[in-house]
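J.: Structure provided below as structure tokens; questions to follow.
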Amino acid sequence: MATSLPSVPTGGTVEIRFDAGYGATFDAVPEDLKQAVLMLAAHYYEYRSDVALSQGCMPFGVTSLIARYRPVRMGLGA
């Protein structure tokens, strides 16, 4: 198992490609994520005039629905 990334020669380049997302339409999104989007939109609409909301404030129901989709760090020292 390698413990470091390959070195890039001087003047060389690195290209990383990946696909993200669920598809071109809302129908391709899993049902629990659709529900989270609707709940978050409703929350932001309901509290649209509140300027005191702390950064990152999200309703518990939304965080519960999206918890299993949280990014996971992978790699050295993660």
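FYI, in this note's numbering the residues of the sequence shown are 441 to 518. Backbone N, C-alpha and C fix where the C-beta goes; we use that ideal spot for every residue, glycine too.
What's the C-alpha gap between glycine 501 and alanine 468?
T.: Glycine 501 and alanine 468: Cα-Cα distance of roughly 22 Å.
J.: Cα-Cα, which of Val477, Arg488, Pro449 is closest to leucine 505?
T.: Comparing Cα positions, the closest option is Val477.
J.: By Cβ distance, which residues of its chain are closer than 6 Å to proline 470, with the 5 residues on each side in sequence left out?
T.: Hits under 6 Å: none found.
J.: Put serine 504 into one of helix, strand or coil per three-state DSSP.
T.: Correct three-state label for serine 504: helix.
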